[in-house]
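Trainee: Residue numbers (UniProt numbering): 1 to 305. Glycine included, every Cβ here is placed at the ideal spot set by N, Cα and C.
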Amino acid sequence: MDRLDELTVFVTIIDTGSLIAAARRLRRSAPAVTRALNGLEERAGVRLVERTTRRLTPTDAGRNLADHARRLIGDYETAIGGVAATEARGLLRVTAPRVFGRRHVAPVITDFLDQHPLVQAELLLNDRNVDLIEEDVHVAVRIGQLADSSLVVRRVGEVRRTLVASPDYLARRGMPRQPADLSRHETITGLIMAQEWRFGATNRGPVARLSPRFSGNDVDANLMAIRTGRGIGRVLSYQVAEEIAEGSLIRLLPEFEPPALPVHLVVPSSRNMAPKVRAFLDHAAAALERLSVIRPERSTGGGKS
1 MDRLDELTVF VTIIDTGSLI AAARRLRRSA PAVTRALNGL EERAGVRLVE
51 RTTRRLTPTD AGRNLADHAR RLIGDYETAI GGVAATEARG LLRVTAPRVF
101 GRRHVAPVIT DFLDQHPLVQ AELLLNDRNV DLIEEDVHVA VRIGQLADSS
151 LVVRRVGEVR RTLVASPDYL ARRGMPRQPA DLSRHETITG LIMAQEWRFG
201 ATNRGPVARL SPRFSGNDVD ANLMAIRTGR GIGRVLSYQV AEEIAEGSLI
251 RLLPEFEPPA LPVHLVVPSS RNMAPKVRAF LDHAAAALER LSVIRPERST
301 GGGKS
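Dropping the structure here:
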């Protein structure tokens with residue numbers, strides 16, 4: 001194995017904390033990563049990591065080597081970058097929530113590929129927040145407050161938790177005037193938090209106790225039930241913006257909605273950001289900021305989804 005590549009494997013092991021995570025990030029087999037670590041320890045003549053059943057922890061010698069290795073790898077990348085073209089190229093991996101990604105991020109990526117013929121892209125649709133470093137993802141679109149303050153973020157919009165129902169349903173069952181009224185209505189919910197909806201700032205306002213008529217773990221299935229008059233549903237505002245605008249769904253109790261949720265573009269680090277990542281960030285930010293369904297509302301009413 002090339003010695004610089006060997007150091008890259010070692011730094012990845014330290015950064016990810018496990019052989020399996022390092023192998024996944026490097027797209028290599030776990031045995032190959034293990035052999036690289038064993039070979040490096042044999043050449044160094046010292047143990048570089050302490051192995052436990054859950055995680056690998058660098059020894060003092062391992063930390064020292066990792067620091068030197070990062071500098072060497074950084075110098076190499078700087079040297080290569082100085083003579084290489086700055087044009088965006090290579091594989092770009094992007095993750096986004098399922099519905100938002102399918103509707104709005106996929107078109108942004110395909111437009112980007114039209115402008116950058118040397119880039120290939122993978123779109124990973126997932127409603128969990130993936131570990132960008134461990135899963136080797138370059139850019140994430142995330143809806144909601146960010147727990148990891150170390151990430152580099154760019155805010156591009158916001159969405160709300162919005163109650164909606166079809167005109168047909170409301171004609172049959174009446175219009176709720178306050179959250180307490182929802183306990184007497186048929187409701188459409190997700191499988192998580194299916195028994196109650198909370199309202200107001202930081203969800204400390206009224207609570208509606210529910211007996212859902214229909215619950216599902218798929219947004220499109222729940223939206224189908226709402227559109228066909230089966231009950232009142234709580235969704236993210238971008239998911240029903242067109243239906244609300246055309247009147248096929250009615251927004252309910254907007255004055256009780258929680259505060260808006262931010263929409264961010266996220267990258268794990270700004271250090272040595274590849275041209276493809278920087279170019280996509282600029283492209284995606286401009287495209288998403290123009291997207292009407294996540295544009296902040298001008299009114300003083302509140303809501304989030």
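To the nearest angstrom, how far is it from the Cα of Ile20 to the Cα of Glu77?
Mentor: Ile20 and Glu77: Cα-Cα distance of roughly 25 Å.
Trainee: Report yes if the CB atom of Leu265 is closer than 8 Å to the CB atom of Val156, and no otherwise.
Mentor: Closer than 8 Å, so yes.
Trainee: How many Å lie between Asn64 and Ala286 at the Cα?
Mentor: Answer to the nearest angstrom: the Cα atoms are 42 Å apart.
Trainee: If we count the other Cβ atoms within 10 Å of its Cβ and call it buried at 16 or more, is Asp220 buried or exposed?
Mentor: With fewer than 16 Cβ atoms within 10 Å of its Cβ, Asp220 is classed as exposed.
Trainee: If you scan the segment 132 to 215 from start to end, which runs of the beta strand (DSSP E) of 3 or more residues do you find wholly inside it?
Mentor: Counting whole runs of 3 or more residues, the segment 132 to 215 contains the beta strand (DSSP E) stretches 139 to 143, 152 to 159, 161 to 165, 187 to 189, 196 to 198 and 207 to 209.
Trainee: What first and last residue would you give for the alpha helix (DSSP H) that runs through His283?
Mentor: Here the alpha helix (DSSP H) through His283 covers Pro275 to Glu289.
Trainee: Taking C-alpha atoms, which residue in Ala88, Val9, Glu42 and Ile73 lies nearest to Leu281?
Mentor: Minimum Cα distance to Leu281 is reached at Ala88.
Trainee: So does the segment 126 to 138 actually touch the segment 187 to 207, counting three or more Cβ pairs closer than 8 Å?
Mentor: No, because fewer than three Cβ pairs between the segment 126 to 138 and the segment 187 to 207 fall closer than 8 Å, the two stretches do not touch.
Trainee: Report all residues from its chain with a CB closer than 6 Å to the CB of Val46; omit the five preceding and five following residues, and keep chain order.
Mentor: Once the five neighbours on either side are set aside, the close Cβ partners of Val46 are Ala61.
Trainee: Whose C-beta lies closer than 6 Å to the C-beta of Val105 among residues of the same chain, with five residues either side of it excluded?
Mentor: These residues qualify, in order along the chain: Ala96 and Val141.
Trainee: If I'm right that Leu56 touches Ser18 with Cβ under 8 Å, what's the distance once you round it to whole angstroms?
Mentor: Their Cβ separation, rounded to whole angstroms, is 6 Å, which keeps Leu56 and Ser18 in contact under 8 Å.
Trainee: Do you know whose CA, among Lys276, Leu291, Val293 and Ile294, lies nearest His116's CA?
Mentor: The shortest Cα separation from His116 among Lys276, Leu291, Val293 and Ile294 belongs to Lys276.
Trainee: Measuring CA to CA, which of Ala66, Val9 and Gly90 is closest to Pro138?
Mentor: Contrary to the premise, residue 138 reads as His rather than Pro in this sequence. Of Ala66, Val9 and Gly90, the residue nearest in Cα terms is Gly90.
Trainee: Provide the residue span of the beta strand (DSSP E) that contains Thr110, from first to last.
Mentor: Taken as a continuous stretch (DSSP letters only), Thr110 belongs to no beta strand (DSSP E), being part of the alpha helix (DSSP H) at Ala106 to Gln115.
Trainee: Over what stretch of residues does the alpha helix (DSSP H) that includes Ile14 continue unbroken?
Mentor: Run containing Ile14: Arg3 to Thr16, per the alpha helix (DSSP H) assignment.
Trainee: Determine the direct distance from the alpha carbon of Phe10 to that of Leu37, and round the result to whole angstroms.
Mentor: Approximately 6 Å between the Cα atoms of the pair.
Trainee: Using DSSP with H/G/I as helix, E/B as strand and the rest coil, what is Thr57?
Mentor: Reduced to three states, the DSSP call for Thr57 is strand.
Trainee: Given Thr8, which residues of its chain have a CB within under 7 Å of its CB, disregarding the five upstream and five downstream residues?
Mentor: For Thr8, where only same-chain residues beyond five positions count, the Cβ hits under 7 Å are Ile73.
Trainee: From Pro58 to Leu48, what does the alpha carbon distance come to, in whole angstroms?
Mentor: The alpha-carbon atoms of Pro58 and Leu48 are separated by roughly 6 Å.
Trainee: Is Val159 closer than 8 Å to Leu40 when the C-beta atoms are compared?
Mentor: No, they are not a contact pair.
Trainee: So what does Ile73 bridge to, in DSSP terms?
Mentor: According to DSSP, which records beta bridges pairwise, Ile73 is partnered with nothing at all.
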